[in-house]
Every structure is written in structure tokens, then in C-alpha cells.
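Chemist: I have a structure I would like to understand better, so I am pasting it below and will then ask my questions one at a time.
There are 2 protein chains.
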Amino acid sequence: MADIIHRIGIKAPASRVYKAVSTVAGVAGWWTKETLGESTKGGTLIFRFRADDGSIMGEMHGRVAELKPGKRVRWRVTDGPPEWIGTDITFDLSKGGGGKTIVIFGHRGWKKPAEFMAHCSMKWATFLLSLRQLVETGKGRPAPRDLKIDDWN
Amino acid sequence: MADIIHRIGIKAPASRVYKAVSTVAGVAGWWTKETLGESTKGGTLIFRFRADDGSIMGEMHGRVAELKPGKRVRWRVTDGPPEWIGTDITFDLSKGGGGKTIVIFGHRGWKKPAEFMAHCSMKWATFLLSLRQLVETGKGRPAPRDLKIDDWN
Chain A
186 MADIIHRIGI
196 KAPASRVYKA
206 VSTVAGVAGW
216 WTKETLGEST
226 KGGTLIFRFR
236 ADDGSIMGEM
246 HGRVAELKPG
256 KRVRWRVTDG
266 PPEWIGTDIT
276 FDLSKGGGGK
286 TIVIFGHRGW
296 KKPAEFMAHC
306 SMKWATFLLS
316 LRQLVETGKG
326 RPAPRDLKID
336 DWN
Chain B
186 MADIIHRIGI
196 KAPASRVYKA
206 VSTVAGVAGW
216 WTKETLGEST
226 KGGTLIFRFR
236 ADDGSIMGEM
246 HGRVAELKPG
256 KRVRWRVTDG
266 PPEWIGTDIT
276 FDLSKGGGGK
286 TIVIFGHRGW
296 KKPAEFMAHC
306 SMKWATFLLS
316 LRQLVETGKG
326 RPAPRDLKID
336 DWN
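The listed protein sequences derive, respectively, from chains A and B. In case it helps, my numbering puts the first sequence at residues 186 to 338. In case it helps, my numbering puts the second sequence at residues 186 to 338.
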């Protein structure tokens, strides 16, 4: 098993960061504009990515497995790229220095540390910068306006 | 053991990317301005980081363990934060789509996937964006002008 983990600090109360990672409108503001579905516990969220021509480039489904207000969100991936199915995406929030909320982001349980995981690791880092931008300034950079990092996306 | 791996594409020939990751002047242009030492095989590179007041905040030593022109650089960390000692930092270059050189970056062999590793993973991602910026535009964002990502740095 292999894991992606990232740590970022966001200058805002945990409640605001939590809203951005636990609601459909929140996630649509930093990851992918086309976030749909049910964000309540047990519900399924749909994260859809489109190419420039409007065609669907990728779609992931995440079952909301844990919700601890102000503290933790966990999604279990139930559909999407084969490498993603069965993995867990987590956001753990805590109080850091300088009035920052610390987010420990995890995308855990990859079967292999393959090249696609390296792509996703880099891509997640840029989406976490987008999350920070959303919470701190009100405007993130979700797909399809996301920062392209390589020849895959 | 736990690994950090990231994938990034840089619109430039592999020779230019290789120069940026295998020479003192190259690394000083995207990771830390204060990069010193010997970049030949078996030599030791010193990567020094200073706080705003000029004091040394951190310093890592890497022995140049592999050098394959245009293809691979590997440093074995011999000094620095305890978690870093004995780990390997690698840059594997290959030809990607759209005239891009693909860099698979690795920082492998962490004893534990602890919070400090999550910090370094996020930080490495921003330094790889700095590397891309350096190679594509001539100007990276090395420490101490690096993007701060949390309450640690």
C-alpha cells in the first residue's frame, strides 16, 4: 500500500475550512466545478472533470464515510480510475500557529506507488493551494481552470 | 518505509531540466539559493535554508550517488533533519507529450509517514513548480523567496 499525504496551513477558522471540504458548493470552489451529489454521511459525491471540448475526461465517486464537524472528512472512493477505487481521501483539521488551520490531507491505500500516483500527488498539492486560495480570498482555482502540471492534465 | 513521489512536465529539452537538477547553480535557482558543494559523482551538496533574520533554519547534505546525463540524478541524504538521513532524493527524466520533459521526483525511504513528511511532500510540490518556472522562464522561486505553505515554513 502507498499513501499520498500533504500538510497545508490556511489562515481561517477550522469551521470555514471544514465547510470548503465537506459541502458540494465548497468542493466545487477548489477541486472541480462540477461537484454533485449528497454530502451528508453515507451519501455519494460525484466529482466530474471535463476536457476543453466539454467531453467528460474523468469522474470519481466518493462515499461520505466520516464527517466530524471542524475536524475530519473522509471519502471512500467507490468509482473512478481503477487505481482510485477503494482508496480513502481524508482531510484532518487542527489548530496551528499564527491563526492557521492545519489540514493534513491524505489519499491513502494505493495498491502501487506508480507513475499515476505521482501525477495525482502533484495535482493534489496544487488543488490544496486552490483550497487555501478559496478559503483565504473567496476564489479558488477548480477544474477546468486548474493548474496543468504535466502532459496528462 | 514511506515515499514521496511527484510527476511534473516541463516544456524544455531534458538536457536543460537535467542541468537544473544536477548543478549547484541549477539547484540554487529553484530549491534554495544557498546551494553549495560538489555536484560531481561522489561529491556532497549542501542545501542551506535561512530564516528572515539571517540565521540558519535548516541544512541538508546530499551525496551525489547517481548521475546519468539527461536521465537521472540521485542524492543520498547524509545530514539534515533526522527523518531525512538515509533517504534518497531522485529526479528521473523522460520524454512526455507536447514537447515536455517529464520529471518523476522521488524522496524515498522515510521511516514513517509522519506529519513532517506530509509537510515536505507539499513543500516539494511547490519547489517542483519553482523548478518548472526556472526552466521555462529563467526565474524560479528558491528559498528564502519560496512559497510558504503552513506554520512550519
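All C-beta atoms, glycine included, are put in the ideal place defined by N, C-alpha and C.
Against Ile190(A), what residues of chain B qualify as contacts under a CB-to-CB distance less than 7 Å, listed in chain order?
Modeler: In chain order: Pro298, Met302, Ala303, Ser306.
Chemist: Are the CB atoms of Phe290(B) and Phe301(B) within a distance shorter than 9 Å?
Modeler: No, the Cβ-Cβ distance between Phe301(B) and Phe290(B) is not below 9 Å.
Chemist: For Ala213(B), does the count of other Cβ atoms within 10 angstroms reach 16, so buried, or fall short, so exposed?
Modeler: Classification for Ala213(B): buried.
Chemist: List the DSSP bridge partners of Ile241(A).
Modeler: In the DSSP output, where bridge partners are listed per residue, Ile241(A) has Arg235(A).
Chemist: For my contact list, Gly294(A) and Asp273(A) are in at a C-beta cut-off of 8 Å; report their separation, rounded to the angstrom.
Modeler: 6 Å between Cβ atoms; contact.
Chemist: Tell me which residue opens and which closes the alpha helix (DSSP H) that Gly211(A) is part of.
Modeler: Taken as a continuous stretch (DSSP letters only), the alpha helix (DSSP H) holding Gly211(A) covers 209-213.
Chemist: Keeping to the same chain, check which residues put their C-beta closer than 6 Å to that of Gly194(B); ignore five residues upstream and five downstream.
Modeler: Excluding sequence neighbours, Gly194(B) sits near Gly281, Lys285, Ile287.
Chemist: Closer than 7 Å by C-beta to Ala197(B): which residues in its own chain qualify, once you throw out the five before and the five after it? Chain order, please.
Modeler: Thr286, Val320, Glu321.
Chemist: Could you name the residues of chain A that Asp331(B) contacts, counting a contact when the two beta carbons are closer than 7 Å?
Modeler: Result: empty, since nearest Cβ-Cβ is about 13 Å, beyond 7 Å.
Chemist: Does DSSP put Glu268(B) in a helix, in a strand, or in coil?
Modeler: Looking at Glu268(B) - three-state DSSP - the assignment turns out to be coil, as it is neither helix nor strand.
Chemist: Report the three-state DSSP secondary structure of Arg326(B) (helix, strand or coil).
Modeler: DSSP places Arg326(B) in coil when its eight states are reduced to three.
Chemist: According to DSSP, simplified to helix, strand and coil, what is Ser315(B)?
Modeler: Helix at Ser315(B).
Chemist: Got a sec: is the Cβ-Cβ distance from Ala187(A) to anything in chain B below 9 Å?
Modeler: Ala187(A) counts as touching chain B.
Chemist: Are the region 202-221 of chain A and the region 308-328 of chain A touching by the rule of at least three beta carbon pairs closer than 8 Å?
Modeler: Yes: the two stretches touch, three or more of their Cβ pairs being nearer than 8 Å.
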